[in-house]
Amino acid sequence: MAIKKSELYSSLWASCDELRGSMDISQYKDYVLAFLLLKYISDKYADQPLAPITIPAGASFADMAALKGTKDIGDQINKAIIAPLAEANQQLSLSDFPDFNDPNKLGSGKEMVDRLTNLIGIFEEPALDFSNNRAEGDAYEFLMQHFAAESGKSSGQFYTPAEVSRIIAKVLGIGAAQTNASTTVYDPTCGSGSLLLKVADEANTELSLYGQEKENTTSGQARMNMILHDYSNARIETGDSLISPSFLKNGKLKKFDYAVACPPISLKDWSRNLDAEKDPYDRFTYGLAPRHSGDFAFIQHMIASLNSNGRMAVLISHGPLFRGGAEARIRQALLEDDLIEAIIGLPPGLLGATNIPTCILVCNKNKSADRKNKVFFVNANRDFTEDRRKRFLLPEHVEKIANAFTLMKYAKIHSF
293 MAIKKSELYS SLWASCDELR GSMDISQYKD YVLAFLLLKY ISDKYADQPL
343 APITIPAGAS FADMAALKGT KDIGDQINKA IIAPLAEANQ QLSLSDFPDF
393 NDPNKLGSGK EMVDRLTNLI GIFEEPALDF SNNRAEGDAY EFLMQHFAAE
443 SGKSSGQFYT PAEVSRIIAK VLGIGAAQTN ASTTVYDPTC GSGSLLLKVA
493 DEANTELSLY GQEKENTTSG QARMNMILHD YSNARIETGD SLISPSFLKN
543 GKLKKFDYAV ACPPISLKDW SRNLDAEKDP YDRFTYGLAP RHSGDFAFIQ
593 HMIASLNSNG RMAVLISHGP LFRGGAEARI RQALLEDDLI EAIIGLPPGL
643 LGATNIPTCI LVCNKNKSAD RKNKVFFVNA NRDFTEDRRK RFLLPEHVEK
693 IANAFTLMKY AKIHSF
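Under my numbering, the first residue of the sequence shown is numbered 293, with each subsequent residue one higher.
If you want it as structure tokens, here you go:
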């Protein structure tokens with residue numbers, strides 16, 4: 293029998309309560325997400341031949357549950373559960389998981405034993421039985437939203453608000469395209485992978501997903517997120533995509549059908565460890581972004597990563613649209629090459645921790661005839677709702693904003 297989402301979410305948040313207070317949210321979320329993944333893959337793939345995830349003998353969640361109350365439970369989880377899983381599955385690595393034997397985070401002695409034993413007990417609840425429950429992806433989304441809200445990092449490194457990701461996915465146009473499993477989508481700053489998965493949700497077929505994330509812990513969460521959404525073959529790499537892009541072919545950037553991103557806003561010192569003027573991948577052909585603001589560095593990296601028919605959508609602040617100097621010259625060059633298809637202004641405050649106005653920049657290397665030499669502007673700064681804590685978009689707002697571009701019902705057309 294399917295479990296109500298309310299029961300599932302209540303059980304998940306109880307697992308957070310077990311850790312809350314003993315460590316910072318950025319730390320305890322790692323443990324809760326790891327438990328969610330371990331429970332899910334064990335429920336779904338244990339004893340299943342030819343499964344995309346291999347559960348070695350002795351490394352299932354049931355085997356971990358058998359460790360409850362043992363004095364070396366943390367050490368045994370590391371050695372008997374996590375290590376064999378990582379060795380058997382290339383898409384996972386030991387660095388994706390937190391240390392379950394860390395006394396600084398989990399306490400020492402009986403405190404650690406009790407805390408891990410209680411956590412295991414929570415994940416044994418019927419509401420968290422994923423063998424007949426298809427809500428694991430929703431569960432991950434629920435946790436990431438709440439972690440972002442609690443930490444004040446809705447605009448931070450690990451999570452992009454779901455409604456913003458949905459708009460980006462829709463304006464990318466992938467839902468109306470003829471796609472297949474070899475259609476490629478790339479996110480150079482993928483965080484926990486939620487944006488890539490929203491694009492996958494919008495498509496009518498399976499896709500090939502590629503992501504790179506600078507922070508090691510966050511890239512591990514992205515790999516977990518892919519598995520929870522049945523994209524275990526997605527390639528998620530760790531590293532700075534500006535300094536050392538991971539996806540290459542014959543020494544040059546791999547070319548993708550689509551690219552999406554929510555990069556750091558106006559990243560300072562983006563070129564500190566990069567000789568951008570002699571970039572080996574020829575990404576900055578339209579000019580060098582100023583050192584104090586890397587927006588156009590990410591944009592040009594994405595453009596250079598597209599094939600000749602590629603499209604991209606990226607969330608940026610309004611600054612790159614208006615600032616002068618090098619950014620004005622890059623902007624003009626992009627317009628002259630007819631790469632910019634649309635600018636979609638979003639309501640301020642959607643990212644929680646900052647009220648900086650943001651927009652979605654859509655670029656297209658192969659515009660349709662009716663859109664050549666045109667840029668479509670959509671002003672959606674009043675399409676939102678809010679409560680005492682934050683502003684957010686309802687499904688009808690998402691549809692209206694996306695339709696303003698895709699159907700051109702509300703867009704103001706500007707020719708240049």
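Quick reminder that beta carbons are idealized off the backbone N, C-alpha and C, glycines included.
Asked                                                                                                                      : Found
Candidates Ala473, Leu330, Ile345, Asp322: closest to Ser500 by CA position                                                : Ala473
Phe415 beta carbon less than 8 Å from that of Val477                                                                       : no
Ala553 and Arg575 closer than 8 Å at C-beta                                                                                : no
First and last residue of the uninterrupted alpha helix (DSSP H) at Arg458                                                 : 454-463
Supposed contact pair Met516 and Tyr550 - C-beta distance, whole angstroms, cut 8 Å                                        : 23 Å between Cβ atoms; not a contact.
One or two residues paired with Arg603 in a DSSP bridge                                                                    : Tyr550, Asn656
Same chain, Cβ closer than 6 Å to Ile374, five either side skipped, listed in chain order                                  : Phe389
Rounded Cβ spacing between Glu455 and Leu685 (contact assumed at less than 8 Å)                                            : 4 Å
Straight-line gap, Ala294 to Leu330 (C-alpha atoms, nearest Å)                                                             : Any reading at Ala294 must be qualified, since the residue scores a pLDDT of 48, below 50, and its modelled position is unreliable; the value itself is stated next. About 20 Å.
Beta-carbon separation (whole angstroms), Pro612 vs Phe588, contact threshold 8 Å                                          : 6 Å
Integer Cβ distance of Phe327 from Leu411, believed to fall under 8 Å                                                      : 6 Å
Residue span of the alpha helix (DSSP H) that contains Gln513, given as start and end                                      : 508-520
Beta-ladder partner(s) of Glu688, from DSSP                                                                                : DSSP, once it has assigned bridges, lists no residue as partnering Glu688.
Classification of Leu408 by the beta-carbon crowding that lies within 10 angstroms, buried from 16 upward                  : buried
Boundaries (first-last residue) of the beta strand (DSSP E) holding Glu633                                                 : 632-637
Reduced DSSP category for Phe576 - H, G, I as helix; E, B as strand; rest coil                                             : coil
Cβ shell of Ala466 (< 7 Å), same chain only, five flanking positions each side left out                                    : A small correction: the amino acid at residue 466 is Ile; Ala does not occupy that position in the sequence shown. Result list for Ile466: Val491, Glu494, Ala495, Tyr550, in chain order.
Own chain residues within Cβ distance below 7 Å of Ala378, not counting five before or after                               : Leu384, Ser385, Leu386
At least 3 beta-carbon pairs within less than 8 Å: the region 651-661 vs the region 622-634                                : yes
Per DSSP, the bridge partner or partners of Glu505                                                                         : Thr530
Cβ-based burial, Arg458 [other Cβ within 10 Å; buried from 16]                                                             : buried
Cut-off 6 Å between Cβ atoms - residues of its own chain near Phe539, not counting five sequence neighbours on either side : Tyr502, Lys546
Cα-Cα separation, Leu642 to Arg623                                                                                         : 25 Å
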